[in-house]
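Number of protein chains: 2
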Amino acid sequence: MMKPTTVTAAVLVIGDEILSGRTKDRNLGYIAEYLAKIGVDVREARVVPDVEDEIVAAINALKVRYDYVLTTGGIGPTHDDITADSVARAFGVAIGEDPRVIAAMLQRYKEGELTPARRRMARIPATAELIENPVSIAPGFRIGNVYVMAGVPAVMQAMLDSAVKTMKTGAAMQVETIEAGGVPEGRYGDPLGAIAAAHADVSIGSYPSYKDGRFNNQIVVRGKDEKAVAAAKAAVEAMLGKLAADATAR
Amino acid sequence: MMKPTTVTAAVLVIGDEILSGRTKDRNLGYIAEYLAKIGVDVREARVVPDVEDEIVAAINALKVRYDYVLTTGGIGPTHDDITADSVARAFGVAIGEDPRVIAAMLQRYKEGELTPARRRMARIPATAELIENPVSIAPGFRIGNVYVMAGVPAVMQAMLDSAVKTMKTGAAMQVETIEAGGVPEGRYGDPLGAIAAAHADVSIGSYPSYKDGRFNNQIVVRGKDEKAVAAAKAAVEAMLGKLAADATAR
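So this is what it looks like as structure tokens:
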């Protein structure tokens, strides 16, 4: 069997507001789910503050480890928007006003309205390609394997639609969820571990949630090979069926 | 003036389910907000998969950089719960069944119900202190400056209440939010940047949100010194007032 292609990515969330708890990040979950569907595996995520050294260090650490890095946040018009300059520094390239962006802005703003703050959003690292922003003009950009996107979810989501067009994609992850309901993890943990060991070509996770004083558990089988996922799913279902029968027989 | 004490922390979210997008993390935002209130600044967060080498590397990177590291996830009874073993490896200590945990479990489970899977939750690194779990018995633990907590939000939140009791805390962050409403960031970006430069003792952020085709902006002033925060807030309000007056006068 040919090994399915694996394409990896990391997400870098940039912004003090996430680390202070003021803003609850919604971008990581969205990006992770979106990329999983097209066969790009998110392997790591980091959240860093609006501090240039931290952004540069994170970009440099991630871009060599994964096929792609997707950043969110810090590309607006205010003084705390320092992502573009940080990315330029990480890549050792110059940064300046991109005439393509200025031209697009002049479609919307009168020349007097093109404040220095707005011009700041036209600062794009040399050699970068623009990522279209259909919501509010100021674009994201791609340089090397790093995609730089806005932090506002609606804008980020629109940019992501464009960004993924230039990514290579791997085999999409096949995911099967099996409801274990109220069967405690402590009861099925041992046989599930045996199934996981016997089905090393998939990854099996057990995910409890807790509501109104009760746990509710789901078992998730993930893998790139449909048959392997189906076989592991069948084994999990058989195991849960046996546990239920044993409980009834008692 | 005495420099306010600064206490720093990092959050490490552990779990494949967050990186696949299956589960949307709610712990980082909760922890960040909680710690900010008691004067502990979250400076970085990472999300890593259920892979021992990744967990060990992240713990080792974070524990030397910040006063505290708080982890969530991976301490349940199933084969994919490998956080305790990874933390033991990061600290170079042994790990085994902790008799305190076994004793607590035997209060709840009959001896026959104490499956190997459940006993797995009693594996605690040597020298660690337990963090009480009032929801479902199996405890978290603290070793050195690393606090290891559950991933299920209700359980994590209960553990956090206990965990913070052993933390030193700094001066609490004072936060003021100023509604800029529909005034575009591009209009106030320049004067706001000047205010930020003149008030270097606070941090000022501008946060747009987008709904129904419109941006709505908030400016947030954060700092440990109440007077400095108040002064910066007054400057921002005066600036916004002037912009509004200019717009009316036109």
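Just so you know, the sequences run in chain order R and B. In this text, residue positions in the first sequence follow the numbering used here: the first is 1174, and each later residue adds one. In this text, residue positions in the second sequence follow the numbering used here: the first is 1174, and each later residue adds one. The C-beta atom is built at its ideal place from N, Cα and C for all residues, glycine as well.
{"Item": "Option nearest L1192/R by Cα separation, candidates R1216/B, G1212/B and G1194/B", "Value": "R1216/B"}
{"Item": "Top-ranked residue by Cα proximity to S1376/B, from K1384/B, V1348/B, G1354/B and G1324/B", "Value": "V1348/B"}
{"Item": "Meets three-Cβ-pair contact criterion under 8 Å: the segment 1340 to 1354 of chain B and the segment 1200 to 1212 of chain B", "Value": "yes"}
{"Item": "Within chain B, the residues that S1376/R reaches when beta carbons sit closer than 7 Å", "Value": "D1189"}
{"Item": "Complete alpha helix (DSSP H) runs within the segment 1276 to 1319 of chain R (minimum length 4 residues, chain order)", "Value": "1289 to 1293"}
{"Item": "Minimum Cβ-Cβ distance from Y1380/B to chain R less than 7 Å", "Value": "yes"}
{"Item": "Interface residues of chain B facing D1222/R [CB-CB closer than 8 Å]", "Value": "First, the residue type needs correcting, since residue 1222/R is Pro and not Asp in the sequence shown. Ordered by position in chain B, the residues that pass the 8 Å Cβ test against P1222/R are R1216 and E1217."}
{"Item": "Residues of the segment 1235 to 1251 of chain R whose Cβ lies closer than 9 Å to any Cβ of chain B, in chain order", "Value": "G1249, P1250 and T1251"}
{"Item": "Candidates V1184/B, V1402/B, L1365/B and G1355/B: closest to D1385/B by CA position", "Value": "G1355/B"}
{"Item": "Beta-carbon proximity of A1257/R to G1362/B, cut-off 7 Å", "Value": "no"}
{"Item": "Beta-carbon proximity list for S1259/R, same chain, < 6 Å, skipping 5 on both sides", "Value": "E1225, I1228 and V1229"}
{"Item": "Contacting residues, own chain, Cβ-Cβ under 7 Å from L1201/B (five flanking each side not counted)", "Value": "V1184, V1186 and A1218"}
{"Item": "First through last residue of the beta strand (DSSP E) which encompasses R1216/B", "Value": "V1213 to V1221"}
{"Item": "is_contact[K1415/B, chain R] using C-beta, thresh 7 Å", "Value": "no"}
{"Item": "First through last residue of the beta strand (DSSP E) which encompasses P1381/B", "Value": "S1376 to K1384"}
{"Item": "For I1304/R and M1332/R, believed in contact at Cβ under 8 Å, the rounded distance", "Value": "5 Å"}
{"Item": "Endpoints, the alpha helix (DSSP H) within which A1205/B is located", "Value": "N1200 to K1210"}
{"Item": "Within the segment 1320 to 1345 of chain B, ranges of the alpha helix (DSSP H) (whole runs, at least 4 residues)", "Value": "1326 to 1336"}
{"Item": "Local conformation of I1187/R per DSSP, three classes", "Value": "strand"}
{"Item": "Contacting positions in the segment 1270 to 1290 of chain B - beta carbon closer than 7 Å to chain R", "Value": "T1288, P1289 and A1290"}
{"Item": "Identity of the residue in A1311/R, H1372/R, A1299/R and R1262/R nearest Y1282/R by Cα", "Value": "A1311/R"}
{"Item": "DSSP state of M1174/R mapped onto helix, strand, coil", "Value": "Reliability of the predicted coordinates at M1174/R is poor, the pLDDT of 48 falling under 50, and no value is obtained from them."}
{"Item": "Closer than 9 Å at the beta carbon, the chain B residues around Y1383/R", "Value": "V1308, S1309, V1325, P1326, A1327 and V1328"}
{"Item": "Nearest-angstrom Cα separation, counted from L1413/R out to A1353/R", "Value": "7 Å"}
{"Item": "Same chain only: Cβ atoms within 8 Å of I1248/R, ignoring 5 sequence neighbours per side", "Value": "D1254, T1256, A1257, M1294, A1311, G1313, V1321, M1322, A1323 and G1324"}
{"Item": "Short Cβ contact (7 Å threshold) for E1358/B with S1379/B", "Value": "yes"}
{"Item": "Proximity winner among N1318/R, Q1280/R and P1326/R, relative to M1340/R (alpha-carbon distances)", "Value": "N1318/R"}
{"Item": "Short CB-CB distance (under 7 Å) between L1185/B and chain R", "Value": "no"}
{"Item": "Residue-chain proximity (A1209/B, chain R), Cβ-Cβ < 7 Å", "Value": "yes"}
{"Item": "Inter-residue spacing [alpha-carbon to alpha-carbon] between S1335/R and R1199/R", "Value": "19 Å"}
{"Item": "Sub-7 Å separation of V1394/B and A1411/B beta-carbons", "Value": "no"}
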